[in-house]
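Below you'll find the structure, written out as structure tokens, and then a few comments.
Protein chains: 2
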Amino acid sequence: MIPYGIYVLTADDGKGNVSAATVNWVTQTAFAPPLVAVGVKTDSHGYGIISATKSFALNMLGKDQKGAAFTFFKPTEVKDGKLSGQSYHQGTGGAPILDDAVAAVECKVVEIVKQGDHHIVVGEVVEAHVMKPPAGRPDTAILEMKDLGDNVFYGG
Amino acid sequence: MIPYGIYVLTADDGKGNVSAATVNWVTQTAFAPPLVAVGVKTDSHGYGIISATKSFALNMLGKDQKGAAFTFFKPTEVKDGKLSGQSYHQGTGGAPILDDAVAAVECKVVEIVKQGDHHIVVGEVVEAHVMKPPAGRPDTAILEMKDLGDNVFYGG
Numbered sequence: 005m006i007p008y009g010i011y012v013l014t015a016d017d018g019k020g021n022v023s024a025a026t027v028n029w030v031t032q033t034a035f036a037p038p039l040v041a042v043g044v045k046t047d048s049h050g051y052g053i054i055s056a057t058k059s060f061a062l063n064m065l066g067k068d069q070k071g072a073a074f075t076f077f078k079p080t081e082v083k084d085g086k087l088s089g090q091s092y093h094q095g096t097g098g099a100p101i102l103d104d105a106v107a108a109v110e111c112k113v114v115e116i117v118k119q120g121d122h123h124i125v126v127g128e129v130v131e132a133h134v135m136k137p138p139a140g141r142p143d144t145a146i147l148e149m150k151d152l153g154d155n156v157f158y159g160g
Numbered sequence: 005m006i007p008y009g010i011y012v013l014t015a016d017d018g019k020g021n022v023s024a025a026t027v028n029w030v031t032q033t034a035f036a037p038p039l040v041a042v043g044v045k046t047d048s049h050g051y052g053i054i055s056a057t058k059s060f061a062l063n064m065l066g067k068d069q070k071g072a073a074f075t076f077f078k079p080t081e082v083k084d085g086k087l088s089g090q091s092y093h094q095g096t097g098g099a100p101i102l103d104d105a106v107a108a109v110e111c112k113v114v115e116i117v118k119q120g121d122h123h124i125v126v127g128e129v130v131e132a133h134v135m136k137p138p139a140g141r142p143d144t145a146i147l148e149m150k151d152l153g154d155n156v157f158y159g160g
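So this is what it looks like as structure tokens:
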């Protein structure tokens, strides 16, 4: 019954390994410092890169970005300077920031909790970018799991 | 921009200390075993009880339970067998289950991540109760932060 937003978790190790994956198991966990926790599948491409670089970005998708959400359920393809067809630029910490996302936060990993089939990556927010300032409540600007259709309940 | 559901986090140490607090920093983090992570204020009454008992419950509030959400922003009062006026029963693990909640999960604590002004309590779900089976998507049955009014952005 937990409602979720939809995010693209990105990472880049600077050696040609770039990852972007749609995730939803995300929550803030502290104000000071600003921390977020993300459940990340341990056998995923992104988990390996994040474990090595200790750095990632969370891109907040907008209500009109269902296509991007489904695109990043699949393995990432880097081609023509795009990530699976989506234009992006590199954030301060190296992780890709999707140009069309509503906003993004860049995080440094402070701890990885190795419990379960997905581990909990705890990140401190070190940069924040708002590409499309929301008109109303910020938490109504984001694409939500329930917007993806009646049969979509993907976790992680 | 992270959208949140609204939960009442409960704990009982069996020695007269009972806590119930409205929280929203909640996410599932693994399928196997089923884990949830909750950001809990370190100086709160509930944090002390949960740290000691290694046990808690998360009660999912329904769309019609705004009153209960605001009630448990305030300190818990146990009186006439009720928690701040809300009827409840004790779960298998001892933590209070609110009778009027939509559903609840009981968890045993597997780890507490001591980062930031709120710590991340990681719980394995050991019992689940559905008091009001939802007609549609389960994630549309829960009260959400944005339902509480334009100025409510409480975290933790």
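Chains as they are written, first to last, in the working numbering: chain A, 5 to 160; chain B, 5 to 160.
All residues carry an ideal CB built from backbone N, CA and C; glycine is no exception.
Computed from a predicted model, the values in this text were never measured in an experiment.
Using the Cα positions of residue i and residue j, report the straight-line distance between them to the nearest angstrom.
i                     : j                     : result
residue 3 (chain B)   : residue 112 (chain B) : In this structure chain B extends from 5 to 160, so residue 3 (chain B) is not present and cannot be described.
residue 152 (chain A) : residue 10 (chain A)  : 9 Å
residue 194 (chain B) : residue 86 (chain A)  : Nothing can be reported for residue 194 (chain B): it is not among the residues displayed for chain B, which extend from 5 to 160.
residue 88 (chain A)  : residue 80 (chain A)  : 6 Å
residue 24 (chain B)  : residue 83 (chain A)  : 51 Å
residue 161 (chain B) : residue 17 (chain B)  : Lying before the first or after the last residue shown, residue 161 (chain B) is absent from chain B, which here runs from 5 to 160.
residue 52 (chain A)  : residue 119 (chain B) : 23 Å
residue 133 (chain A) : residue 157 (chain B) : 20 Å
residue 94 (chain B)  : residue 110 (chain B) : 11 Å
residue 115 (chain A) : residue 127 (chain A) : 7 Å
residue 6 (chain A)   : residue 58 (chain B)  : 22 Å
residue 35 (chain A)  : residue 41 (chain A)  : 12 Å
residue 29 (chain B)  : residue 74 (chain A)  : 26 Å
residue 62 (chain B)  : residue 103 (chain A) : 37 Å
residue 108 (chain A) : residue 19 (chain B)  : 46 Å
residue 117 (chain A) : residue 44 (chain A)  : 10 Å
residue 122 (chain A) : residue 37 (chain B)  : 9 Å
residue 97 (chain B)  : residue 100 (chain A) : 44 Å
residue 60 (chain B)  : residue 15 (chain B)  : 5 Å
residue 33 (chain B)  : residue 13 (chain B)  : 17 Å
residue 39 (chain A)  : residue 131 (chain A) : 12 Å
residue 146 (chain A) : residue 137 (chain A) : 11 Å
residue 154 (chain B) : residue 141 (chain A) : 7 Å
residue 91 (chain A)  : residue 71 (chain B)  : 45 Å
residue 139 (chain A) : residue 8 (chain A)   : 20 Å
For residue i, return the contacting residues in chain B, with the cut-off set at a CB-CB distance below 7 Å.
i                    : result
residue 31 (chain A) : 6, 29, 30, 31, 41, 43
Please list the partners that residue i has in chain B, where partner means a Cβ-to-Cβ separation under 8 Å.
i                     : result
residue 137 (chain A) : Residues of chain B passing the Cβ test: none, with the nearest at roughly 11 Å.
residue 70 (chain A)  : Simply none; closest approach about 16 Å.
residue 154 (chain A) : 141
Give the residues of chain A in contact with residue i, contact being defined as C-beta atoms less than 8 Å apart.
i                     : result
residue 146 (chain B) : 5, 6, 7
residue 115 (chain B) : 117, 119
residue 126 (chain B) : 117, 119, 124
In terms of DSSP beta bridges, what is residue i paired with?
i                     : result
residue 152 (chain B) : In the DSSP output, where bridge partners are listed per residue, residue 152 (chain B) has none listed.
residue 32 (chain B)  : B:40
residue 112 (chain B) : B:59, B:128
residue 25 (chain B)  : B:13
residue 102 (chain A) : A:92
residue 64 (chain B)  : B:11, B:107
residue 45 (chain A)  : A:122
On the three-state DSSP scale, how would you describe residue i?
i                     : result
residue 15 (chain A)  : strand
residue 142 (chain A) : helix
residue 92 (chain B)  : strand
residue 118 (chain A) : coil
residue 124 (chain A) : strand
residue 97 (chain B)  : coil
residue 70 (chain A)  : helix
residue 56 (chain A)  : helix
residue 20 (chain A)  : coil
residue 85 (chain B)  : coil
Using a beta-carbon distance below 7 Å, is residue i in contact with chain D?
i                     : result
residue 107 (chain B) : The question asks about chain D, but that chain is absent: this structure's protein chains are A and B.
Is it the case that the CB of residue i approaches a heavy atom of the ligand ZN more closely than 6 Å?
i                     : result
residue 122 (chain B) : The model depicted lacks the ligand ZN and carries no ligand whatsoever.
Name the chain B residues that come within less than 9 Å of residue i, Cβ to Cβ?
i                     : result
residue 143 (chain A) : 5, 6, 7, 8, 148, 149, 150, 157
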